[in-house]
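Residue numbers (the numbering used here), protein chains in the order written: chain A, 39 to 269; chain B, 39 to 269.
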DNA sequence: GCAAAAGTGTTTCCGATACACCCATGA
DNA sequence: TCATGGGTGTATCGGAAACACTTTTGC
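So this is what it looks like as structure tokens:
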């Protein structure tokens, strides 16, 4: 008999079109479910929970994410399993585990997922053992539960390696300027790109096309609006 | 209470320097531990087993591989978790599960690892529930237990994508010719490479250096012997 | 007319590819 | 002397990178 608790954890990146930042969704966990809200003891984490007995892992990731944040229908991609035997046995996590898990001392293996969304398209709402949900700049992530800081760091590397037009097509309004698209790449990759080279590259891949509309009401030359090609 | 069986499965590639083939290590499982050897019912699989309660996943991969094949000290790299709820509930696997698992009907999530070795450096020996171990050409893999065919296929893709000098440095004798190295790449990638271009590329990366020795006893111009640079 | 971002081409560099002949050895 | 694999260089192509000025608008 060697059955083990298995969880999924979701690193949800948010592209903030206003602040022009890449953020990560974190939940603030109720540590003690019976404490008053204003005398709360809390802890940050990324959304995650145990998977159910007969549940597919990918499905578990979706369900868990929804149960804690009400986010729905995200494309979640598995990127790595984390399973150090004591990854949930640090002092900082003890109280929460005792209040929310039937076997708080037992190890948990977790399978981590990533996704990225346009922040303004989604409105996460805290639910279940999350008492708050928020977006945090990736340079300002606080101490998280368990080994979640490590998971987030590896997810950032994964995202930067895997970025492509399929990813970015979900992160802009339907009609967008090439400068917006470039800015998005710059934010994810955390580096400046050359405007002319970027445009050449995008156009040569043929993934976007002109809409024949232009920006309006900007106090500079209005930009052409583009859209992603279907498929 | 939602604890789940978690296993590791190891896809061990072998580079066969004689036949010049890429192979995969498979075990022949005892299906019924009490049957006579010559009336055996068997089934092929890649080496894998449940992980233990307090065991690190990477450590489990090493232990399980050793327990079934006596292979030791391989560098195993995690590449993906597989967790379809019915991945161990096909008819073909039933008998083995009933004989070797205390809860044969229960789902198992597995975390898959890859490694690659020089076949002639390792001598796998069947052990535990393996009654035979063998190397199979990757084009000739039979039906395997569970979803192991899928796991092997994904491992091949992973290997081809990740091939580099660190990988290949373990697969040749300490002193080798550039033709041997090229052949190794050709076998892993399953495509012919241009001799001059290959040499230029290898030399420009500076990962190998001359030993100032030459092949002996070959009935053609003897080749220079090279070695990998330390570090 | 000024500030602000949009838009646009050319040159350079580098790595990838294609390609064919002479060399050293054992038999 | 012949069969075998070893060893070598150059030209071409294509993508990546560097780089600066003109245009259109709102104010």
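All C-beta atoms, glycine included, are put in the ideal place defined by N, C-alpha and C. Just so we're clear, the structure is a prediction, and the values are computed from it rather than from any experiment.
Taking a beta-carbon distance threshold of 8 Å, residue 40(B) counts as an interface residue toward chain A. Contact between residue 67(A) and residue 83(A) is confirmed by a C-beta separation of about 6 Å, below the 8 Å threshold. Considering only beta carbons, the part of the stretch 39 to 58 of chain A lying closer than 8 Å to chain B consists of 39, 40, 41, 42, 43, 44, in chain order. Residue contact check for residue 112(B) against chain A: no CB pair falls below 8 Å. Straight through space, the alpha carbons of residue 61(A) and residue 228(A) are spaced by roughly 12 Å.
Distances from the CA of residue 138(B) to each of 103(B), 88(B), 115(B) were compared; the closest alpha carbon is that of 88(B). With respect to chain B, the C-beta atom of residue 94(A) has a partner C-beta closer than 8 Å. Annotation: residue 193(A) has no Cβ neighbours in chain B at a cutoff of 7 Å; minimum Cβ distance is about 15 Å. Put simply, the CB of residue 147(B) is near chain A, with a gap under 8 Å to one of its CB atoms.
For residue 81(A), the three-state secondary structure derived from DSSP is strand.
Cβ proximity to chain A below 9 Å picks out nothing from the stretch 176 to 188 of chain B.
For the pair residue 40(A) and residue 91(B), the CB atoms are nearer than the 8 Å cut-off. Counted as a single uninterrupted DSSP element, the stretch harbouring residue 168(A) is not any alpha helix (DSSP H) but the beta strand (DSSP E) occupying residues 168 to 175. The beta-carbon of residue 119(B) is placed less than 8 Å from the nearest beta-carbon of chain A. Judged by their CB atoms, residue 54(B) and residue 173(B) are nearer to each other than the 8 Å cut-off. Taken in chain order, the whole beta strand (DSSP E) runs of length 3 or more contained in the stretch 104 to 192 of chain B are 115 to 120, 146 to 156, 168 to 175. Cα atoms of residue 265(A) and residue 193(A): separation of roughly 28 Å, rounded to the nearest angstrom. In this model, residue 94(A) and residue 123(B) are separated by some 5 Å (Cα to Cα). When secondary structure is reduced to three states using DSSP, residue 201(A) falls in the coil class, being assigned neither helix nor strand.
Considering only 114(B), 241(B), 175(B), 142(B), the residue with the shortest C-alpha distance to residue 52(B) is 175(B). Of the candidates 135(B), 107(B), 105(B), 80(B), the residue whose Cα lies closest to the Cα of residue 43(B) is 135(B).
Residue 151(B) counts as buried, since no fewer than 16 other beta carbons sit within 10 angstroms of its beta carbon. Residue contact with chain A for residue 123(B): present (Cβ-Cβ distance below 8 Å to some residue of chain A).
Residue 91(B) reaches chain A at 39, 40, 41, 42, 123, 144, 145, counting residues in chain order whose Cβ is nearer than 9 Å.
Any Cβ of chain B closer than 8 Å to the Cβ of residue 88(A) would place that residue at the interface, and such an atom is present. Residue 103(A) has its alpha-carbon roughly 29 Å from the corresponding atom of residue 186(B). Residue 63(A): member of the beta strand (DSSP E) spanning 59 to 68, first to last residue. The beta carbon of residue 237(A) is closer than 6 Å to those of 216 in its chain, skipping five residues each way along the sequence. Of the candidates 70(A), 190(A), 234(A), 242(A), 242(A) places its Cα closest to the Cα of residue 203(A). According to DSSP, residue 42(B) shares a beta bridge with 42(A). In the DSSP assignment, residue 196(B) forms no beta bridge with any residue.
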